[in-house]
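The structure under discussion appears below in the form of structure tokens.
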Amino acid sequence: MKKVLEVCLSPDLGGLELYMKNITKYLNSNAVINKKSKLKNVFENEKINYFELSRYNFLKLAKIIDKEKIDIIHLHWTKDLPVVVFAKLLSKRKPKIVQTRHMHMTRFKSDFYHKFLYKNIDMMIAVTNLVKEQLEKFIPKGIRPKIETSYIGANTPKLLSNEEKNSLKKSFNIADEFIVCIVGRIEEAKGQHIVLEAVESLRKSGIKIKTLVVGHYMDENYFNNLKNSYSNDIFTGFVSNPTDLMQISDCVVLATKKETFGLVLIEAMKCGVCILGSNSGGPLEIIDDKKTGLLFESMNSDSLYEKLSLIIQNKELKETLALNGKIKANKFFDSKKQFEEIKELLNKDI
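With the UniProt record's numbering as the guide, the letters of the sequence shown map in order to residues 1 to 350.
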């Protein structure tokens with residue numbers, strides 16, 4: 001087994017950062033995180049060992065590489081590329097560099113500096129087929145690393161008993177309303193306003209319905225406008241157990257303008273909850289429309305209104321979509337299977 005160093009110097013705590021934590025734990029590998037990172041508490045709570053350094057300290061990273069006899073650096077945040085490349089070149093071991101690409105690539109800066117960086121990457125793992133196509137399209141062939149695809153998986157959540165669900169509903173004053181859940185950072189690009197608009201229209205048509213908006217705000221003005229405009233809906237703030245809240249919902253919506261993947265959808269599918277996603281980016285590779293979920297036109301509340309109406313009026317359809325979604329997620333989007341795939345890729349001759 002090659003010795004892997006997981007690197008993520010992002011200061012934030014979102015899907016990318018938590019994925020890095022999860023794969024570090026699964027591979028039992030060394031990890032380097034930002035000393036100002038929100039990941040520190042998570043690593044400490046889960047008793048995962050880590051090194052910490054400042055964003056641009058490639059000298060310290062080179063020393064860690066040599067001291068720990070690292071064979072492969074696996075990075076996730078694109079902004080870490082310069083630090084990792086310079087650390088590799090300054091180290092004695094000269095480890096291979098593998099990047100999991102979590103974000104879309106819309107262009108390639110073809111200046112000398114960027115060509116130099118990509119020339120020093122040995123492999124890129126795209127989280128969707130679309131991302132793989134973008135990497136092949138935009139990175140010039142002469143400097144393009146080997147490219148593989150591996151979908152991100154989700155853990156199988158702890159399923160709540162009916163008693164636990166009822167208790168959780170009671171804590172949010174939820175009675176018998178139809179609950180539409182959206183999980184993620186609260187900012188305009190994530191589309192919370194699209195979901196709230198669609199739900200408000202349904203409420204005005206006489207349907208007992210509420211939106212459960214789960215997540216911390218990134219844009220305070222946007223958040224305050226939503227709270228003031230939609231006082232009938234529920235804003236939970238950050239929660240450590242979003243899959244519990246998914247399980248008290250009738251459906252989970254991903255309304256991002258263009259989501260690279262959409263792990264929230266996978267988590268909801270594994271909970272056995274019906275999903276709806278915008279018809280751009282990652283959801284197109286997750287949802288088989290009208291089989292494992294429903295797609296609606298991106299950033300269009302009228303389109304979402306129509307799709308929500310379908311599952312409100314047809315409970316059997318909602319339950320069938322949820323069941324099919326769960327079967328698909330367990331088969332294709334399971335974190336253990338995906339981590340084994342990554343383990344295999346990292347142990348190949350790169």
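Beta carbons: idealized from backbone N, C-alpha and C, even for Gly.
It should be emphasised that the depicted structure is a prediction, and the values quoted were computed from it without experimental measurement.
Can you look up residue i in the DSSP assignment and give me helix, strand or coil?
i	result
Glu285	helix
Ala198	helix
Gly325	helix
Glu259	strand
Arg116	Note that residue 116 is Phe in the sequence shown here, rather than Arg. Here Phe116 sits in helix by DSSP.
Ile152	coil
Leu226	helix
Lys210	strand
Asp302	helix
Phe108	coil
Would you mind sorting residue i into buried or exposed? The rule is 16 or more other CB atoms within 10 Å of its CB.
i	result
Glu259	buried
Lys190	buried
Ala62	buried
Leu196	buried
Ile327	exposed
Lys270	buried
Gln134	buried
Pro140	exposed
Gly206	exposed
Met123	buried
Met20	buried
Asn30	buried
Leu130	buried
Gln338	buried
Leu59	exposed
Phe116	exposed
Lys158	exposed
Asp111	exposed
Tyr56	exposed
Could you check where the beta strand (DSSP E) with residue i kicks off and where it finishes?
i	result
Lys60	Unbroken run through Lys60 is the alpha helix (DSSP H), 58–67; no beta strand (DSSP E).
Ser278	274–278
Phe51	51–53
Residue i bridges to which residues according to DSSP?
i	result
Asn30	Leu5
His74	Glu6, Val98
Glu187	Answer is none; Glu187 lacks a bridge partner.
Val84	According to DSSP, which records beta bridges pairwise, Val84 is partnered with nothing at all.
Gly293	Asp289
Cys251	Val180, Cys274
Met123	Val98, Lys146
Ile234	Leu212
Tyr19	Looking at the DSSP assignment, Tyr19 forms no beta bridge with any residue, so it has no partner.
What residue does the alpha helix (DSSP H) around residue i start on, and which one ends it?
i	result
Thr243	242–247
Val42	39–45
residue 410	Residue 410 is absent from the structure shown; the chain starts at 1 and stops at 350.
Ile342	335–347
Lys158	Taken as a continuous stretch (DSSP letters only), Lys158 belongs to no alpha helix (DSSP H), as it is neither H nor E.
Taking 9 Å as the CB-CB cut-off, is residue i touching chain C?
i	result
Glu316	Checking the listed chains, one finds no chain C in this structure; it contains a single protein chain.
Would you grab the beta carbon distance between residue i and residue j for me? Rounded to a whole angstrom, and I think it's under 8 Å.
i	j	result
Val213	Thr236	7 Å
Asn279	Ser298	6 Å
Leu245	Ala154	Wrong, their Cβ atoms sit about 15 Å apart, outside the cutoff.
Ile179	Pro145	About 44 Å; that fails the 8 Å criterion.
Ile174	Ile248	7 Å
Thr128	Met103	Thr128 to Met103, Cβ: 11 Å. No contact.
Lys318	Cys274	5 Å
Ile48	Lys69	So it is not a contact: roughly 20 Å between Cβ atoms.
Ile64	Phe43	That pair is no contact at about 16 Å.
Lys88	Ile350	The pair is not a contact, with the Cβ atoms about 13 Å apart (cut-off 8 Å).
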